[in-house]
Amino acid sequence: MDRPKMKVKVCLVGEGAVGKTCLIRRFVHDQFDDRYISTLGAKVSKKEILTKGSSGEIEVDMTIWDIMGEKGFRELLKEAYFHGAQGVLAVCDVTRAETVTELEDWIAAVVKVTGNIPVEILANKIDLKDEIAVTEDDIKKLASKHGAPFLFTSAKTGENVETAFTDLARLIGKNVPAA
């Protein structure tokens, strides 16, 4: 018997240089490059994964949108880029406390377009232990406010990257019928 299949659109949002592109590169290609190149507009990647659904394994065809992290962009193009998203990875940088605060606006912008969809908060760059500027409580408060799970991640080491995407796929799978 064939496994059920599901096509989903996922958006990664957050301020510039929080590691959205690196998280995607680690997840899709299992690579890391610490040279920073600003994303212009949006970049789309694809990956197929297996996740558990209510009736066994589901094949998930994931389209991953890497959204430019500039504030002006958020308001200008949110309709075009967020429309049709079924899940969000909201990414902050644990070495820059302001990126946690800014996630409020990013999450609000997505929800305004998409309605209530699964959101998962990723506190990225956990490998930079000597530079951490936020506490686990800071992340917990934000996650609690949005009823969202959270993970500490590192695109550099790969810590929790696969888990972040597969957990989000599982959350989406609870809300989306198989194709």
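Using the numbering used here, the first residue of the sequence shown is number 237, and each one after it goes up by one. Beta carbons are placed, not taken as given, at the ideal position from N, Cα and C, and that holds for glycine. Please read these numbers as outputs of a predicted model, since none were measured by experiment.
- The stretch 361-400 contains, as complete beta strand (DSSP E) runs of 3+ residues, the segments 386-388 (chain order).
- Beyond the five residues adjoining it in sequence on each side, Glu334 comes within less than 8 Å, by CB distance, of Glu251 in the same chain, given in chain order.
- The stretch 351-360 and the stretch 270-288 do not touch, with fewer than 3 CB-CB distances between them shorter than 8 Å.
- Less than 8 Å separates the beta-carbon of Arg262 from that of Ala391.
- Annotated three-state conformation of Asp297 is strand, per DSSP.
- The three-state secondary structure of Val254, taken from DSSP, is coil.
- In the structure shown, Gly323 falls within a strand segment according to DSSP collapsed to helix, strand and coil.
- Relative to Leu407, the option among Leu378, Thr287, Val327, Val349 whose CA is nearest is Thr287.
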